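Those protein sequences? They're chains A, B, C and D, same order as listed. Its first residue numbered 30, the first sequence is counted upward by one per residue in our numbering. Its first residue numbered 30, the second sequence is counted upward by one per residue in our numbering. Its first residue numbered 11, the third sequence is counted upward by one per residue in our numbering. Its first residue numbered 11, the fourth sequence is counted upward by one per residue in our numbering. Even glycine gets a Cβ: it sits at the ideal position worked out from N, Cα and C. Owing to the predicted nature of the structure, the values given are computational and were not obtained by experimental measurement. Down below is the structure, laid out as structure tokens.
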Amino acid sequence: MDIRVQDDGFSLGDELERFGKGSHDIGAVVSFTGVVRDTGGLGRMEIEHYPGMTERAISMIAKEAVDRWSLADCLVIHRYGTLAPGDQIMMVATASRHRVAAFEAAEFLMDYLKSRAPFWKKEFGPDGAEWVAAKDEDEDALTRW
Amino acid sequence: MDIRVQDDGFSLGDELERFGKGSHDIGAVVSFTGVVRDTGGLGRMEIEHYPGMTERAISMIAKEAVDRWSLADCLVIHRYGTLAPGDQIMMVATASRHRVAAFEAAEFLMDYLKSRAPFWKKEFGPDGAEWVAAKDEDEDALTRW
Amino acid sequence: MIDVMYFAWVRERIGEPRERVETSAATVADLVEELKAREPRYEAAFADLSALRVALDQELSDFDAPLSGVREVAFFPPMTGG
Amino acid sequence: MIDVMYFAWVRERIGEPRERVETSAATVADLVEELKAREPRYEAAFADLSALRVALDQELSDFDAPLSGVREVAFFPPMTGG
């Protein structure tokens, strides 16, 4: 299990080349990468977080995923600070014996990171800055787990 | 949309570094990689396919995924020939505006590739060779789409 | 004349990956009966049709599908991709 | 003495990311009432508690949770990670 909260960018390719390499009996690897959408208007995004709590919250979520789906490996990288359209915000990867477990665990991680990891996004566009509001559907997504 | 059926291996990292780079307004990238499980007993796996039909079948499945989830990009690589434990068998990647679409499309691709792409796996172990049998649950998985 | 292809254990039981067959069979099922009448290895390969799939000109089809106009028929077990 | 932290628009309304507060409030809700009584900027930040979340010593909690033994309280809007 590898959890990283960082200002710097990361290479999705390099991370996935390394991921799961030390583990045995892997049949399926799933990755999710979140990207700052390039919708034309957005100038930049700033991500604020709660140092200390962020690492704790992500570790708890990742540990639950590893236990529940018997994952062979699990990786979460989440950035904070200033990001431009097209930049990678975060990634998760899960390695498991079977595909259903790897998919479910990755979706579980994403659903919980959305609503339970202490990050807040502020978008800076041509009409000024605005905090991204949490969506009811993101909170609702937790009920399926 | 990029479909490749090949004897050669591939680099998951290199593929994902390139994937979706020419597309706009991507917020989510999901990848799935299938690996030959290293269960101790398996010596090698041989994958047979139906040249011509394989490319047609995968293209149809990928096109349906792109249309149904409005994907910005979609990649499928599937190998045939002789593979060793730990080798990558295949991968899919999906790029979309939102995470739910990217996840669903990747799972749809996997479910259909399992049962509708003309590949057959033969495992060579200490007790001889055996064709991998299709599972009822793989056929059942199609009913959810 | 029609091209008939075999994959996986069907190919192993028949003993060859493809052959050209002279037939006037109206349906896939009729073609299967003709082949089974030829030799025991065809009997062995086609013993249980529920364990087999068929593609006509590279599209999945059914055993009661008509053969008219078809150039390539393929028999194989359920697929195991992914 | 307790450390009180603010994030996102809560931080912006309060005007600072953290402060040390002398309080004998029994619960989070009591602490909020004390802060609101201080200055309008606290009134503005805590106007609608349903739009806020609270963490006690870096764990999500509730507004009716007791404060005894707690060293760090954080107020923020619903999180938007991922």
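The C-beta of Trp149/A has 16 or more other C-beta atoms within 10 Å across all chains shown, which makes the residue buried. Taking 8 Å as the upper bound on Cβ-Cβ separation, chain D lies near residues Lys143, Ser144, Arg145, Ala146, Pro147, Phe148, Trp149, Lys150, Lys151 of the segment 143 to 154 of chain A. Below the 8 Å Cβ cutoff, chain A contributes no neighbours of Ser125/B, its closest Cβ being approximately 10 Å away. Taking the Cα of Ile32/A as reference, the smallest distance to any Cα among Leu171/A, Gly56/A, Lys92/A is reached at Lys92/A. Between Gly63/B and chain C, the shortest Cβ-Cβ separation is below 9 Å. Per DSSP, the beta-bridge partners of Asp31/A are Leu104/A. Neighbours of Ala84/D in chain A, taken as residues at a C-beta separation under 9 Å, are given in chain order as Tyr79, Met82, Pro147. Ranked by how close their Cα comes to the Cα of Ala146/A, the residues Val58/A, Arg47/A, Val105/A, Val59/A have Val105/A in first place.
In terms of Cβ geometry, Val121/A and Ala135/A form a close pair [threshold 9 Å].
Looking from the CA of Val95/B, the closest CA among Arg126/B, Ser40/B, Trp160/B, Gln35/B belongs to Arg126/B. If the five residues before and after Thr33/C are omitted, its C-beta is found closer than 7 Å to the C-beta atoms of Ile12, Leu41, Glu44, all from its own chain and listed in chain order.
For Ala18/D, the neighbours in chain A by C-beta distance under 7 Å run, in chain order, Glu77, Trp149, Trp160.
For Gly91/D, the C-beta contacts it makes with chain A under 7 Å involve His107, Leu142, Lys143, Ala146, Phe148, in order along the chain. When DSSP reads this structure, Ala158/B sits in a beta bridge with Phe153/B. By the C-beta criterion, the segment 72 to 81 of chain A is judged to be in contact with the segment 14 to 27 of chain D, since at least 3 inter-stretch pairs fall below 8 Å. Gly56/B sits away from Gly69/A, with the two beta carbons spaced by 9 Å or more. Assigned with DSSP and collapsed to three states, Phe85/C falls in strand. Spanning the alpha carbons of Gly91/C and Phe132/A requires a straight line of approximately 17 Å. Between Arg23/D and Ala55/D, the C-beta gap is smaller than 9 Å, which places the two residues in contact. The beta carbons of Pro87/C and Ala57/C sit about 12 Å from each other, so the pair does not count as a contact at 8 Å. For Val161/A, the closest alpha carbon among the candidates Ser88/A, Trp98/A, Arg73/A, His107/A is that of Arg73/A. Against chain B, the beta carbon of Ala65/C has neighbours under 8 Å at Tyr79, Met82, Pro147, listed in chain order.
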